[in-house]
Amino acid sequence: MNLAQRALGISPSPTLSIDAKAKKMIAQGLDVINFGVGEPDFDTPQHIKDAAMEAIQKGMTKYTAVAGTDQLKQAIVAKFKQDNGLDYQPGQIVVSCGAKHSLYNAFQVLCQPGDEVILPAPYWVSYLEQIKLAGAQPVIVNTRQENDFKLTVAELEAAITPRTRLIILNSPSNPTGSVYTRQELAALGEVLVKHKIAIISDEIYEKLIYDGLEHVSIASLSPELKEQTVVINGVSKSYAMTGWRIGYAAAPAAVAKAMADLQSHSTSNPTSIAQAASVAALTGTQQPLQDMLREFNRRRDFMLERIRQIPGVQCRQPGGAFYLFPDVSSYFGKSYRGRVVSSASDLADLLLEEARVALVPGIAFGDDRFIRLSYATSMEKIAQGLERIAALLDGIK
Ligand SMILES: *Cc1c(COP(=O)(O)O)cnc(C)c1O
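Counting from 1, position 204 in the sequence shown corresponds to residue 203 in numbering that gives the first Met the number 0; the numbering is continuous, with no gaps.
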């Protein structure tokens with residue numbers, strides 16, 4: 000059977016495949032330390048699970064409205080008001096099967112062949128494929144480590160052409176952990192308004208932020224920016240609910256309607272039970288989130304300090320999410336027991352095979368001078384894993 004052109008162009012998610020490879024080795028009894036994980040290692044808080052069980056008992060087991068229950072949309076509207084100072088009507092909210100699905104819907108309704116989409120690199124893996132699946136052309140703009148991997152106004156202006164339709168922003172960022180300031184977003188926003196370029200703002204790591212930094216939604220900076228922006232968020236990362244598959248988008252009414260109409264012909268509503276659980280996540284106690292955040296912060300500080308002691312590894316302090324993104328390029332051109340290391344991918348292979356440490360090479364995010372280490376794993380594993388990395392790197396001559 001022949002595959003469609005659309006399918007032939009898709010690469011599988013490299014982060015998910017590395018995670019799968021590590022999990023397989025662990026299942027075979029091998030002692031692998033997995034820094035490839037893209038989800039919190041904490042369990043979903045009990046009050047959220049209770050809400051799901053109650054929903055089942057009450058018979059909330061039927062189709063809901065395609066774009067989500069009234070109750071969940073109200074909770075999301077209240078969240079935007081309280082956390083971001085954004086006023087949306089329930090009709091501007093679309094709940095989907097994870098933020099990844101919200102992003103997919105947004106690209107599908109906003110892009111078409113001939114459109115260019117500005118994608119700052121390093122970027123989260125799925126953006127690239129989703130832009131291509133929408134028939135649009137990704138325009139990758141490399142940001143610089145010296146600028147904390149944040150797109151500058153000059154870089155943005157240089158990438159704009161008459162075909163530029165959209166830009167994707169992700170703050171706090173996966174993989175870099177960078178957080179844009181209000182001033183930086185305002186400066187980019189001014190250019191985007193001038194050129195009438197739509198914005199997809201992926202704010203899934205909004206709550207996972209450290210050092211007293213402030214999360215700012217670009218949509219909140221002016222009425223014009225709000226009219227040009229689709230904000231994406233969800234419960235996966237903040238509430239340790241990756242398996243529940245609830246994400247959401249807030250958009251101008253016509254865009255939200257198009258996204259809901261598209262969804263009505265694919266998944267219909269996201270799971271009714273997970274929606275009830277998400278109401279509890281958004282409206283219930285935020286203490287479990289605070290506890291998780293404190294633990295992530297402790298791990299980040301420990302991991303950063305240890306990794307900076309390894310000669311030749313350079314690592315910025317990430318302000319958000321749960322990843323470190325160190326530069327390992329000083330090892331390129333050298334070798335480990337006769338094996339030449341010429342990229343982060345080579346190093347990731349070596350680390351997995353020789354040191355039993357799994358992590359994601361930067362090629363997955365568009366820059367193979369870096370590796371991504373997740374600290375969504377225990378302090379003990381972090382300590383052990385870093386010793387293994389240090390020992391292997393010490394053997395590269
Ligand atoms: C995890 C992640 C998502 C997707 O989250 P789901 O709600 O689980 O689909 C979206 N964007 C980024 C940057 C992520 O890291």
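Ideal placement from N, C-alpha and C gives every residue a C-beta, glycine not left out.
Practice task
Flag this pair as touching only if the stretch 364 to 379 and the stretch 44 to 53 have three or more C-beta atom pairs under 8 Å; answer yes or no.
Solution key: no
Problem - Nearest to Leu168 (by Cα), restricted to the options Gln144, Glu205, Leu212 and Glu379 - result: Glu205
Exercise for the section: With hydrogens ignored, establish whether the beta-carbon of Gly97 is closer than 6 Å to any heavy atom of ligand 1. Expected result: Yes, Cβ of Gly97 sits closer than 6 Å to a heavy atom of ligand 1.
Handout entry: Closer than 7 Å to chain B by CB, Glu38
Key = No chain B is part of this structure, which consists of one protein chain only.
Exercise for the section: From the DSSP output, in three-state form, read off Tyr330 for me. Expected result: Note: Tyr330 maps to helix in three-state DSSP.
Exercise for the section: Could you tell me the distance, in whole angstroms, from the CA atom of Gln286 to the CA atom of Tyr238? Expected result: 10 Å
Practice task
Determine the extent of the alpha helix (DSSP H) in which Asp201 is found, giving its start and end residues.
Solution key: It is not in any alpha helix (DSSP H) - Asp201 instead sits in the beta strand (DSSP E) that spans Ala197 to Asp201.
Practice task
Assign Glu412 to one of two classes, buried (16 or more other C-beta atoms within 10 Å of its C-beta) or exposed (fewer than that).
Solution key: Within the shown structure, residues of the chain are numbered from 0 to 396, placing residue 412 beyond reach of any answer.
Handout entry: Pairwise C-alpha distance: Gly35 and Asp18
Key = 6 Å
Exercise for the section: Could you tell me whether any non-hydrogen atom of ligand 1 is closer than 6 Å to the CB of Asn173? Expected result: yes
Practice task
Have a look at the DSSP bridge pairing and note the partners of Tyr62.
Solution key: Tyr62 pairs with nothing; no bridge assigned.
Exercise for the section: For Cys314, collect the residues of the same chain with a Cβ closer than 8 Å to its Cβ; drop the 5 residues on either side in sequence, then sort them by chain order. Expected result: Counting only Cβ-Cβ distances below 8 Å, and skipping sequence neighbours, we find Leu303, Ile306, Arg307, Leu323, Phe324, Pro325 and Asp326.
Problem - Three-pair Cβ contact test at 8 Å for the stretch 131 to 149 versus the stretch 188 to 195 - result: no
Problem - Extent of the continuous alpha helix (DSSP H) run through Ala120 - result: Run containing Ala120: none in the alpha helix (DSSP H); it sits in the beta strand (DSSP E), Glu115 to Ala120.
Handout entry: the stretch 291 to 300 in contact with the stretch 339 to 351 per 3-pair CB rule at 8 Å
Key = no
Problem - In DSSP terms, what Arg338 is bridged to - result: Tyr335
Practice task
Work out the CA separation of Thr228 and Ala218 for me, nearest whole Å.
Solution key: 6 Å
Handout entry: Residues of its chain near Ala354, where Cβ-Cβ distance is below 6 Å and the 5 sequence neighbours each way are ignored
Key = Arg387 and Leu391
Exercise for the section: Could you tell me whether any non-hydrogen atom of ligand 1 is closer than 6 Å to the CB of Trp243? Expected result: The answer is no for Trp243.
Exercise for the section: For Ala98, collect the residues of the same chain with a Cβ closer than 6 Å to its Cβ; drop the 5 residues on either side in sequence, then sort them by chain order. Expected result: Ile203, Ile231, Gly233 and Gly246
Exercise for the section: Report the rounded CA-to-CA distance for Leu385 versus Ala21, giving the unit in angstroms. Expected result: If I take the Cα positions, the gap works out to 16 Å.
Problem - Local conformation of Ile309 per DSSP, three classes - result: Three-state result, Ile309: coil.
Problem - Per-residue DSSP class, three states only, for Arg164 - result: strand
Practice task
Helix, strand or coil for Ser271, going by three-state DSSP, please let me know.
Solution key: helix
Practice task
Would you check whether ligand 1 has a heavy atom nearer than 6 Å to the C-beta of Ile117?
Solution key: no
Practice task
For Met24, I'd like the list of residues in its chain whose CB is within less than 7 Å of its CB, leaving aside the five on either flank, ordered along the chain.
Solution key: Val31
Problem - Proximity to Thr43 [Cα-Cα], best of Arg371, Ala280, Ser334 and Glu128 - result: Ala280
Practice task
Under 8 Å by Cβ, that's how I've got Leu207 and Ala320 pegged, so tell me the actual separation to the nearest angstrom.
Solution key: Contact between Leu207 and Ala320 holds: their C-beta atoms lie close to 6 Å from each other, under 8 Å.
Problem - Ala6 to Glu223 span [Cα, whole Å] - result: Those two C-alpha atoms are separated by around 37 Å.
Problem - 7 Å Cβ cutoff met for Pro317 and Gly176 - result: yes
Exercise for the section: Tell me whether Asn104 counts as near ligand 1, meaning its Cβ is closer than 6 Å to at least one heavy atom of that ligand. Expected result: no
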